[in-house]
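Here the structure is laid out as structure tokens; the discussion comes afterwards.
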């Protein structure tokens, strides 16, 4: 029996993009646009704006593929961070500031290194776990994290929005993020080393 | 005993919620403290996956990808042009470095100038040819892919052919498409005038029952418009239509029809 053909790993597709292969860009778009679009729509609450950011994001990837180092981390996690940064910047009118601070958002500085989002099955499993973990959080902890992640609020802004002391906001965020830590503890979400 | 950052700070920083002096102090400390840098890396892992908590969204409109690929292709061609232009400029700068001493140098400079002009013209010609080659290669890949898809569709049982005719007042427009309902595959190619600025041509499948379904948006391939799209398999088509829509296309038709064709 013939084994099913393995999809090309991200690292190979990035190398092909650097050589000018448009099909590699097309494949990466098909692989990750859905995941990224969901985040963008959630943050921007506007599908048209989300589509603009999504297209610009992949165009920037096409231009800046050489900046990605597969040995240092996961491409989809990197794209997720950049997508979120760009959406928050657009939401809060901080585009210019972000570009100055973060070299157009395509810095490898804050690259999440060991999250396996490349494989579709692992991505679906991780999505299920993250949603379950978020749903299990106490309401006030979930709210604090969501205001920070999806609204781009600072701790002071979260305190003002929720009417809670700053120290309480800090504690809530910390407790929520520590709860999410268990997702990574079983090892199944780690990068498989494919790329 | 060494003092580290507050235990909340790595997560707050990873979420972008730390601000002001606290943020600056955190960054300064992490640069010098391996233990806190590791705590930050772990926090960034957690923050990176938070986006997965977003509810599933509908797929982005097909025009987003179509325009992305067009922009990527155009930038590639521009990149090649820039590289060629830099080569020309380098030659111009090299010319000024030519030694200029006495009559011999004057003769040499005259000859060098002549060669430079000849080489510059050659490089500019190469630039134009490279651009044309890049575009031709890209278009030939698309055409080959379209030909493969056409063969594939024609070979499948149940594939129907539909001719789309121009609506009154739309000159020089026509298209033909292949549709396989079982596979949900559509391949369409035609001649259309350039879409108005900021607009795009979008193909719709009008089912026997229910609202029109977006198939995809057209991409320019040479002097033709082509489209390869998919719809939900099993939908029986009553007709197909092409409309002019804004931006990346629309979830439902809003613009004027330019082409229509009855299925079956």
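Residue numbers (the numbering used here), protein chains in the order written: chain A, 434 to 628; chain B, 595 to 858. Ideal Cβ placement from N, Cα and C applies to all residues, glycine included.
Burial is judged here by how many other beta carbons sit within 10 angstroms of a residue's own beta carbon; residue 559(A) has at least 16 and is buried. Straight across, the Cα-Cα distance linking residue 831(B) with residue 467(A) is about 27 Å.
Contact holds between the segment 843–853 of chain B and the segment 755–768 of chain B, because three or more Cβ pairs, one in each stretch, are under 8 Å apart. A straight-line Cα-Cα distance of about 17 Å links residue 800(B) and residue 656(B).
Taking the beta carbon of residue 467(A) as reference, the chain B residues within 9 Å of it are 650, 651, 653, 654, listed in sequence order. Annotated three-state conformation of residue 796(B) is strand, per DSSP. Here residue 555(A) carries a helix assignment [DSSP, helix/strand/coil].
Under a 10 Å Cβ-count criterion, residue 822(B) is classified as buried, with 16 or more other Cβ atoms of the shown protein chains found around its own Cβ. Residue pairing of residue 801(B) in beta bridges, as defined by DSSP: 831(B). If you look at residue 614(B), you'll find it in the alpha helix (DSSP H) that goes 614–626.
By the neighbour-count definition (other C-beta atoms within 10 Å, threshold 16), residue 439(A) is an exposed residue. No residue range can be given for residue 602(B), since it is assigned to no alpha helix (DSSP H) and is classified by DSSP as neither H nor E. Close CB contacts of residue 556(A) within its chain, under the 6 Å cut and outside five residues either way in sequence, are with 550 (chain order).
By the Cβ test, the segment 608–616 of chain B is in contact with the segment 576–596 of chain A, since at least three Cβ pairs between them sit closer than 8 Å.
Using a C-beta cut-off of 8 Å, the segment 616–623 of chain B makes no contact with the segment 593–610 of chain A, since fewer than three inter-stretch Cβ pairs fall below that distance. Put simply, the segment 637–646 of chain B touches the segment 606–617 of chain A. At least three CB pairs are less than 8 Å apart. At least one C-beta of chain A is nearer than 8 Å to the C-beta of residue 613(B).
If you compare the alpha carbons of 601(B), 742(B), 651(B), 758(B) with that of residue 631(B), the shortest gap goes to 601(B). Excluding its 5 nearest sequence neighbours in each direction, residue 606(B) has C-beta neighbours in its own chain below 6 Å: 612, listed in chain order. Here the segment 446–456 of chain A makes contact with the segment 494–514 of chain A; the two share three or more CB pairs at distances below 8 Å.
The beta-bridge partner set that DSSP reports for residue 782(B) consists of 771(B), 821(B).
With the criterion set as a beta carbon lying under 8 Å from some beta carbon of chain A, the members of the segment 628–652 of chain B are 635, 636, 637, 638, 639, 640, 641, 642, 643, 644, 645, 646, 647, 648, 649, 650, 651, 652, in sequence order. Rounded to the nearest angstrom, the Cβ distance from residue 781(B) to residue 744(B) is 6 Å, consistent with a contact under 8 Å. Burial is judged here by how many other beta carbons sit within 10 angstroms of a residue's own beta carbon; residue 647(B) has at least 16 and is buried. Note on geometry: alpha-carbon atoms of residue 757(B) and residue 856(B) lie some 8 Å from one another.
Residue 669(B) and residue 496(A) do touch by the CB rule: their CB atoms are close to 7 Å apart, below 8 Å. Between residue 634(B) and residue 578(A), the C-beta gap is not smaller than 8 Å, which leaves the two residues out of contact. For residue 472(A), the residues of chain B that pass the 7 Å Cβ criterion are 645, 648, in the order they occur in the chain.
The alpha-carbon of residue 465(A) is positioned some 14 Å away from that of residue 444(A). For residue 574(A), the CB contacts under 8 Å within the same chain, skipping 5 residues up- and downstream, are 605, 606, 608, 609, 612 in chain order.
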